[in-house]
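Comments concern the structure below.
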Amino acid sequence: MAVMRANAEAVLNKDNETASATETLLYKLDKEVANAAVVKQEHAASLHTTSDFADMSFLDKAMLEECTVSFSEDGKLNFTVEDGVGGFITKTVEAMSQDFVEKGDWMQPLMNAKQELINARNDRGNPPPFDINYFVNNLIEKNWKSMIGDRTPTRDPNGPDNGYILQAILLDHADENGTLPQSFNTDKFSFNPKFDHRLFKAVSDELHGAFYGTENTQSDEPLTEAQKLMARIDNPPNQI
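Heads up, the sequence shown is in my numbering, so the first residue is 1 and it goes up one at a time.
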């Protein structure tokens, strides 16, 4: 490799500046190769744990060596693959590692929470056994991508939404002809709960429905003033 030869020549000629620079570059190159090997291992190990939210097309090609590999001047390892429409896409190891989206461990907690609410169903005017909004916020914070992309075990896979929260959200916003408003943002990243409430509302409504025995929240139950306040908090306006 040219960098190794340059380093050897610099050491031989006692060119300390060049020797130090090339040694640093060699260290970076070695680290990049090691990181790429880790990504390849993760790709192979995650075949059954990767969320459908993830776009693995680039990684699939890169890890199957259907790509061109090169190093940038600053020691970054670059992978280039065809994009399928006559162009090319180049990504670094760091960029490829960000393509992974794991399903996570949100499904069982959601199932347990819904079952707990069903068991404690509000037939005597009691409050829910836990703070539903707090639970939902914590659940979707780190799992929202998988919750949008993967089938949800608390929903009927044979129902109108086929068991997907995303489809339930789309059905909720579509008109009688199945047409969504022009302003409705369908980009999957637009459902990030940091600035969008649609996922929160869908999950919160499902859990409130499990407890109150309605499709939505407490709307069919006699409300105290405190419950009216909570209902407004529980049902934030959609940000589309």
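Note that CB positions come from ideal geometry on N, CA and C, so glycine has one too.
Check: In whole angstroms, what is the alpha-carbon distance linking Lys103 and Gly149?
Finding: Cα to Cα, the separation comes out at about 9 Å.
Note to self: Pull the bridge partners of Asn78 from the DSSP assignment, please.
What the structure shows: For Asn78, DSSP records a beta bridge to Ser70 and Thr92.
Check: How would you label Tyr134, buried or exposed, when you count the other beta carbons within 10 angstroms and need 16 or more for buried?
Finding: Result: exposed.
Notebook entry, point to check: Which residue's Cα is closest to the Cα of Phe184: Glu176, Leu117, Arg198 and Leu139?
Noted result: Closest option to Phe184, Cα to Cα, is Arg198.
Notebook entry, point to check: Which residue from Gln115, Lys114 and Lys91 puts its Cα closest to that of Phe79?
Noted result: Nearest C-alpha to Phe79: Lys91.
Next item on the list: Name the residue from Lys28, Phe130 and Met107 whose alpha carbon lies nearest to the alpha carbon of Arg151.
Entry: The residue among Lys28, Phe130 and Met107 with its C-alpha nearest the C-alpha of Arg151 is Met107.
Margin query: Quick check: the Cα distance between Val85 and Lys61, rounded to an integer number of angstroms?
Written below: Approximately 15 Å between the Cα atoms of the pair.
Notebook entry, point to check: By how many angstroms is the C-alpha of Arg124 removed from the C-alpha of His48?
Noted result: Rounded to whole angstroms, His48 to Arg124 spans 44 Å at the Cα level.
Checklist line | Asn192 versus Glu94: straight-line alpha-carbon distance, rounded | finding: Going by the C-alpha atoms only, they are around 22 Å apart.
Notebook entry, point to check: Which term fits Ile118, buried or exposed, when burial requires 16 or more other beta carbons within 10 angstroms of its beta carbon?
Noted result: When all chains shown are included, Ile118 counts as exposed.
Next item on the list: Report the option in Ile132, Pro109, Glu141 and Asn137 whose CA atom is closest to the CA atom of Pro153.
Entry: When each option's Cα is compared against that of Pro153, the closest is Pro109.
Check: Under a Cβ-count criterion, where at least 16 other Cβ atoms within 10 Å of its own Cβ denotes burial, should Ser57 be classed as buried or exposed?
Finding: Classified as exposed, Ser57 has fewer than 16 neighbouring CB atoms from the shown chains inside 10 Å of its CB.
Margin query: Does the CB of Lys194 have a neighbour CB from chain D at under 9 Å?
Written below: In summary, chain D is missing from the structure at hand, where a single protein chain is found.
Note to self: Restricting to Cα atoms, I'd like to know which of Leu170, Thr24 and Ser190 is closest to Pro181.
What the structure shows: In this structure, Leu170 is the residue among Leu170, Thr24 and Ser190 with its C-alpha nearest to the C-alpha of Pro181.
Margin query: On a Cα-Cα basis, can you pick out the residue from Met63, Leu166 and Pro127 that is closest to Ser46?
Written below: Of the candidates Met63, Leu166 and Pro127, the one whose C-alpha sits nearest the C-alpha of Ser46 is Met63.
Notebook entry, point to check: By a C-beta neighbour count over all protein chains shown, 10 Å radius and 16 as the cutoff for buried, is Met96 buried or exposed?
Noted result: Classification of Met96: buried, given that the 10 Å Cβ count is 16 or more.
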